[in-house]
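**Q** For reference, the structure I am asking about is given below.
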Amino acid sequence: MPCEHPDLGPYKLTGVKYIGHSLVSSVVFSYAYNGVWFSVLAASPDDEAGGEAILSAGYKFDQSIEGKFLIQLSNLQWGEFDAARDAQSEHLENELAKLGGNACLPLMRELAPVPIPEPRTLQEQLYPQTYTLQILTEDGKLTCRQLDSYAGLTERHPPVAEDKLRVMGLGAEPTINVPVVKASQVVLVRRLQSFVWLVKVGEADMVCKTSLDTFWNSIGEELEAYLKIRAAGVEPRVPELTGIIQSHAGVIGILLRHIPHKHHSLGALLAGVKQGTVAQTEAAPLLKQKWATQIKETLTGLHALGILWRDIKTDNVLIDDNGDAVVLDFGGGNTMGWVDRDKYGTMEGEMQGLRKILDALEVETAQD
């Protein structure tokens with residue numbers, strides 16, 4: 001999210017993470033400024049990861065600016081999901097992020113006075129120079145200081161667990177042959193989604209997906225699904241696994257064969273037709289019927305291999321340059337409005353998501 005200091009100019013909020021499972025959690029905001037990353041901590045004394053240790057004795061947390069925000073945010077986390085509470089939480093997060101960013105920007109400018117070159121490789125993108133800062137209330141206003149360390153900060157791009165790699169045959173003595181590519185060998189072409197890029201490995205165009213701490217197990221889940229497809233020797237309409245990405249931390253990403261396409265996703269194509277920005281002929285009834293059949297057949301094939309799609313939605317379907325539907329993303333997400341929470345990860349949830357895709361395609365197809 002772009003932000004603007006009233007006197008010092010622009011910076012960028014890139015993430016929000018809650019630390020701890022106590023009554024009042026700490027929050028870490030991630031900012032990018034001049035190519036450098038800053039982790040900015042709003043610490044709670046209840047944070048078992050070390051928040052109490054970095055707050056001085058006698059600090060009046062509940063009367064501080066950041067404390068009042070954290071207490072409100074924690075109160076909103078309890079109970080069943082509620083859209084109004086969720087919206088209020090997002091508003092409070094954004095307000096605290098702006099206040100904290102503006103308080104820290106002078107120190108950011110001091111630590112990163114000159115812009116550094118844009119990252120060229122995945123290694124440079126994922127592991128930039130990083131500083132840890134903390135916001136505190138002094139004399140009724142937010143101030144900022146630099147921290148040497150904070151125990152609550154974990155690896156931003158966590159590796160797939162070693163025991164999971166062993167189960168998949170990718171341990172220290174691998175039993176399957178999958179190309180291993182170093183993050184420094186992956187050249188960025190352009191960003192496709194948050195942590196998905198079009199890249200070059202040698203002369204080949206590929207798609208790279210990396211892990212992220214907020215979805216710590218997604219790459220492992222997705223890698224396992226692609227390996228099952230590979231081992232079965234079948235060719236469902238999904239991207240082909242072309243390699244795994246390794247950094248100093250371990251396996252932190254996967255490489256998939258790039259699928260040439262015109263529209264970002266089936267969801268984007270259908271939205272464009274509805275808005276009149278895409279010709280109706282690009283989603284004619286016969287094409288919709290074909291895509292519905294292909295998606296259904298792909299899902300049936302995945303289920304036969306013991307793979308659940310889970311994050312079922314039109315945004316996770318690609319229409320390639322041949323006009324065929326390709327199913328994407330087996331990392332285990334769940335987008336609101338597609339599969340009910342109590343049905344997530346079940347066959348009932350899979351069928352619910354499929355029905356919604358067919359509804360979006362305006363196609364009536366038997367599902368048995």
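Residue numbers are given in UniProt numbering: position 102 of the sequence shown equals residue 102, and the series is strictly consecutive. Ideal placement from N, C-alpha and C gives every residue a C-beta, glycine not left out. Every value quoted in this text rests on a predicted model; they were computed, and no experiment measured them.
(1) Quick one: Cα of residue 171 to Cα of residue 246, how far?
(2) Could you have a look at residue 313 and say whether DSSP puts it in helix, strand or coil?
(3) Would you call the CB atoms of residue 267 and residue 325 closer than 9 Å?
(4) Can you tell me whether residue 103 is buried or exposed? The criterion is at least 16 other CB atoms within 10 Å of its CB, across all chains shown.
(5) Residue 42 and residue 135 - do their beta-carbons sit closer together than 9 Å?
(6) Excluding sequence positions up to five away, which residues of its chain have a Cβ less than 6 Å from the Cβ of residue 148?
(7) Please list the terminal residues of the continuous beta strand (DSSP E) segment that includes residue 39.
(8) Look at the alpha carbon of residue 372 and the alpha carbon of residue 105, and state the distance between them as a whole number of angstroms.
(9) In the DSSP assignment, the beta strand (DSSP E) including residue 226 goes from what residue to what residue?
(10) Look at the alpha carbon of residue 350 and the alpha carbon of residue 292, and state the distance between them as a whole number of angstroms.
(11) Is it buried or exposed, residue 173, if we count other Cβ atoms within 10 angstroms and call 16 or more buried?
(12) Considering only residues of the same chain and omitting the five flanking positions on each side of residue 142, which have a CB-CB separation below 6 Å?
(13) Do the segment 153 to 167 and the segment 217 to 224 touch if we need at least three Cβ pairs shorter than 8 Å?
(14) What would DSSP say about residue 367, mapped onto helix, strand or coil?
(15) Helix, strand or coil: how does DSSP classify residue 281 here?
(16) Pick helix, strand or coil for residue 97, following the three-state DSSP scheme.
(17) Would you please state the rounded distance, in angstroms, between the beta carbons of residue 354 and residue 307? I believe it to be under 8 Å.
(18) When burial is assigned at 16 or more other CB atoms within 10 Å of the CB, is residue 336 buried or exposed?
(19) For residue 135, does the three-state DSSP call read helix, strand or coil?
(20) Given this structure, state the Cα-to-Cα distance separating residue 352 from residue 288, to the nearest angstrom.
(21) Between residue 44 and residue 272, what straight-line distance do the alpha-carbon atoms span, to the nearest angstrom?
(22) Pick helix, strand or coil for residue 25, following the three-state DSSP scheme.
(23) Do you know how far the Cα of residue 92 is from the Cα of residue 60?
(24) Does the segment 120 to 128 come close enough to the segment 175 to 193 to have 3 or more Cβ pairs within less than 8 Å?
(25) Can you tell which of 261, 127 and 168 has the C-alpha that lies nearest to the C-alpha of residue 230?
(26) Determine, using beta carbons only, whether residue 243 and residue 178 come nearer to each other than 9 Å.
(27) Going by DSSP in three states, residue 246 sits in which element: helix, strand or coil?
**A** Taking the structure as given:
(1) 13 Å
(2) coil
(3) no
(4) buried
(5) yes
(6) none
(7) 36 to 42
(8) Because the chain is modelled from 1 through 368, residue 372 falls outside the range shown and cannot be assessed.
(9) Looking at the DSSP string, residue 226 is not in any beta strand (DSSP E); the run it does join, the alpha helix (DSSP H), is 218 to 232.
(10) 14 Å
(11) exposed
(12) 65, 99, 103 and 135
(13) yes
(14) Residue confidence is low: residue 367 scores 48 on pLDDT, short of 50, so the model does not pin down where it sits. Its coordinate-derived value is still stated next. Residue 367 falls in the coil class under three-state DSSP.
(15) helix
(16) helix
(17) 14 Å between Cβ atoms; not a contact.
(18) exposed
(19) strand
(20) 19 Å
(21) 45 Å
(22) coil
(23) 20 Å
(24) yes
(25) 168
(26) yes
(27) strand
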